[in-house]
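Take the sequence shown: its position 29, counted from the start at 1, is 874 in this note's numbering, and no numbers get skipped. Comments concern the structure below.
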Amino acid sequence: LMVVGDAAGQVNPLTGGGIISGMTGGMLAGKVAAEAIKDDDTSKGRLREYEKLCYDSIGKEIDKYLKVKDYMLSLSDEELDSIAEAFKDVEFEKISTTELVKKLVKVSPRALLKLGKLF
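Okay, structure coming up:
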């Protein structure tokens, strides 16, 4: 059994987005399934390749954004207010998650200490 998308937790924990990661998971699951059927080996061990491929392609990003989310949840109301002020003119539909985090690091010195090495 291979699970993809939201059911597999292939969701950006920072934004809730999951279309691209779900599609990537589906593509990888299809590739592994096709190869497993071709090789006549649909065992659990053979299908585990999907898990490794997913982690290598999208899992590391998900882990990184989970750390950012955890950091954001640790902030005080005052810190969140200052960050919100810095983001008031940002066009969120035109900016990537990585760019948002880089801006966060610029606004909050503590963010640099906690998140700087991630990006």
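From the three backbone atoms N, C-alpha and C, an ideal C-beta is built for every residue, glycine too. All values derive from a computational prediction rather than experimental measurement.
| Query | Result |
| --- | --- |
| For the alpha helix (DSSP H) containing Ser927, list its first residue and its last residue. | 922 to 931 |
| Please report the residue range of the alpha helix (DSSP H) in which Ala878 lies. | 864 to 883 |
| Using CA atoms only, rank isn't needed, just tell me which of Ala929, Ile865, Thr860 is closest to Ser953. | Ala929 |
| For the alpha helix (DSSP H) that Ile907 lies in, which residues bound it at each end? | 905 to 918 |
| Where does Leu846 sit, in a helix, a strand or coil, going by DSSP? | coil |
| Going by Cα to Cα distance, which pick from Lys959, Met872, Phe937, Gly850 is closest to Leu920? | Lys959 |
| Run the CB neighbour count on Ala852, radius 10 Å, all protein chains shown included, and call it buried at 16 or more, exposed below. | exposed |
| Straight-line CA distance for Ile864 to Phe932? | 25 Å |
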